[in-house]
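Asker: One structure, pasted below without further comment.
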Amino acid sequence: MSLIERTRTGFSKAYGHSPSGVAFAPGRVNLIGEHVDYNDGLVLPMPIAAGTAVAWSLTDDADVEALALDYGLARDRFDPKTAEKPALPGWQSYVRGMAQLSGHAGVKLAIAGSIPRGSGLSSSASLCVAVGQALAAARGPSACDPLQIARAAQHVEHRWAGVNCGIMDQMAIAAGQPGAALLLDCRSLETRRIDLPEDWDVMIVQSGVVRGLVEGHYNARRRDCEAAAAALGVASLRDADAAMVGAADLDPVVRRRAIHVVEEIARVRTAVDAIEARDLTGLGATLRASHASLRDLFAVSVPAVDTLVDQLNKAIGQDGGARMTGGGFGGAVVAILPSDAAVRVRAQLERDYRSPDGAAIQIMIERAGTLPAGTMR
Ligand code: GAF
């Protein structure tokens, strides 16, 4: 059963009638451009088939009632005008935050998702955007503005979850198209669709290290970048270059963070050129360089992820490459490789990689081209 069908059925069983509609928002995998969105940089995320579905119907009272089908039918009922942060952060924070911003009450929701939690594939941004879309659809038939929903979802991440994230995830999810990457300029918010050749696969592999409570580390990296920009006298690291960073009197840790950002933004341009030239070897080298920088300069990788990236790079060989994806500290690894190598690489990983808890490895393959929303390959 597809995620959308599962959510529709879950809604009907719980509330005793069919929903009026079901909104869907995908997760995203970031191909390259890591920890540069909050530095006004360029990023290249891609929506994935897994995502979040929110079934909705209108009621005639002033509350929002939400039901989490994946959490044993956990419920939350609140008045969006007066709702506050729950004592413990969780799915309720995102739903309350989006409902408060949208100002829409008198709605029943049922929510389900297919993005592995703590995987760096943006399950929280997907939840926010899906709730935003459901509430917009409940308000009326006027088209919902992806930019407005993306900004609301980012605000909720900042104020309701305490993560001072950039806008990459929300834009990729609200404005991206399934099956294609999105080149996003995080300063101007201009976007360009980047199609991957149809004979390439994007492979997403879970390291088995679940990210959790990493807001502190994430916010600290952002502060390092802001300190670097302030010391260099620029509005953000987007305006810096390697020569400026080299010449400035910076704390050594702050310097390493700044070098990563400046070089990673350049790598995004190189990666887009390589994709457009169908140069998988050049793209692979750029992905490997991105991982090394995130590991050595930005310090957001962990040993299990490094091992997985090394094994993937060895299995793939020259044509393609792998890197960590998302905020880091565990989660998933992304690889781009020829489609006809995917079966062999998968078998090699299943044989060689051991996640820290010994669980079976989880692999998702995304292919170029449009996917029906909410389906898994
Ligand atoms: C997380 C954040 F939410 C994004 O804004 C981005 O900074 C990413 O980490 C790192 O590139 O997903």
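Residues 1 to 377 (full-length UniProt numbering) are what the sequence shown spells out, left to right. Just so it is clear, CB atoms sit at the ideal spot from N, CA and C, and this is done for glycine as well. On a predicted model such as this, the values are computed, not experimentally measured, just so you know.
Please check the pair V262 and A242, which I expect to be a contact at CB under 8 angstroms, by giving their CB distance rounded to whole angstroms.
Answerer: One-based indexing of the sequence shown puts residue 262 at position 262. One-based indexing of the sequence shown puts residue 242 at position 242. Yes, V262 and A242 are in contact; Cβ-Cβ is about 6 angstroms, under 8 angstroms.
Asker: Taking 6 angstroms as the line, does the beta carbon of H158 fall inside it for any heavy atom of ligand 1?
Answerer: To locate residue 158, count along the sequence shown from 1; it is residue 158. Because no heavy atom of ligand 1 lies under 6 angstroms away, the Cβ of H158 does not count as near it: no.
Asker: With DSSP as the reference, label D76 as helix, strand or coil.
Answerer: In the sequence shown, counting from the first residue as 1, residue 76 sits at position 76. In this structure, D76 counts as strand in the three-state DSSP scheme.
Asker: Taking the alpha carbon of A137 as the point to measure from, which residue in V54, T286, A266 has its own alpha carbon closest?
Answerer: Working through the sequence shown from its first residue, we reach residue 137 at position 137. Per the Cα distances, V54.
Asker: From what residue to what residue does the beta strand (DSSP E) around A68 run?
Answerer: The residue given as residue 68 occupies position 68 in the sequence shown. 64 to 68 is the extent of the beta strand (DSSP E) around A68.
Asker: When DSSP builds the beta bridges, which residues end up paired with G51?
Answerer: Taking the sequence shown and counting its residues from 1, one reaches residue 51 at position 51. Bridge partners of G51: P26.
Asker: What are the partner residues of K108, as DSSP defines its beta bridges?
Answerer: Walking along the sequence shown from the start, residue 108 turns up at place 108. DSSP, once it has assigned bridges, lists S57, E65 as partnering K108.
Asker: Going by C-alpha distance, which of A130, C225, K81, M244 is nearest S114?
Answerer: Here residue 114 refers to the residue found at position 114 when the sequence shown is read from its first residue. Ranking the options by Cα distance to S114, first place goes to A130.
Asker: Is it true that the stretch 203 to 223 meets the stretch 161 to 174, where meeting means three or more beta-carbon pairs spaced less than 8 angstroms apart?
Answerer: Flag = yes, the stretch 203 to 223 and the stretch 161 to 174 touch.
Asker: Any contact of the stretch 42 to 57 with the stretch 168 to 185, i.e. 3+ C-beta pairs under 8 angstroms?
Answerer: As far as the Cβ criterion goes, the stretch 42 to 57 touches the stretch 168 to 185, which means the pair count is three or higher.
Asker: Are the beta-carbon atoms belonging to L73 and L67 less than 7 angstroms from one another?
Answerer: As a position in the sequence shown, residue 73 is number 73, starting the count at 1. As a position in the sequence shown, residue 67 is number 67, starting the count at 1. Yes, these two residues count as a Cβ contact at 7 angstroms.
Asker: Could you tell me which of A368, G176, G120 sits nearest to D145, measuring between CA atoms?
Answerer: What you label residue 145 is simply residue 145 of the sequence shown in a count that begins at 1. For the residues A368, G176, G120, the minimum Cα distance to D145 belongs to G176.
Asker: Going straight from the alpha carbon of E190 to that of G317, what length do you get?
Answerer: Residue mapping note: residue 190 aligns to position 190 of the sequence shown, counting from 1. Residue mapping note: residue 317 aligns to position 317 of the sequence shown, counting from 1. Answer to the nearest angstrom: the Cα atoms are 34 angstroms apart.
Asker: If we count the other Cβ atoms within 10 Å of its Cβ and call it buried at 16 or more, is Q133 buried or exposed?
Answerer: Within the sequence shown, residue 133 is the residue found at index 133, counting from 1. That one is buried.
Asker: Put A292 into one of helix, strand or coil per three-state DSSP.
Answerer: In the sequence shown, residue 292 corresponds to position 292, counting from 1. Helix at A292.
Asker: Using the Cβ count rule (16 or more neighbours within 10 Å means buried), how would you classify G33?
Answerer: Here residue 33 is taken as the residue at index 33 of the sequence shown, counted from 1. Label assigned to G33: buried.
Asker: Taking D357 as the reference, which of I204, W91, G330 has the closest Cα?
Answerer: Numbered from its first residue, the sequence shown carries residue 357 at position 357. Residue G330 is the option with its Cα nearest to D357.
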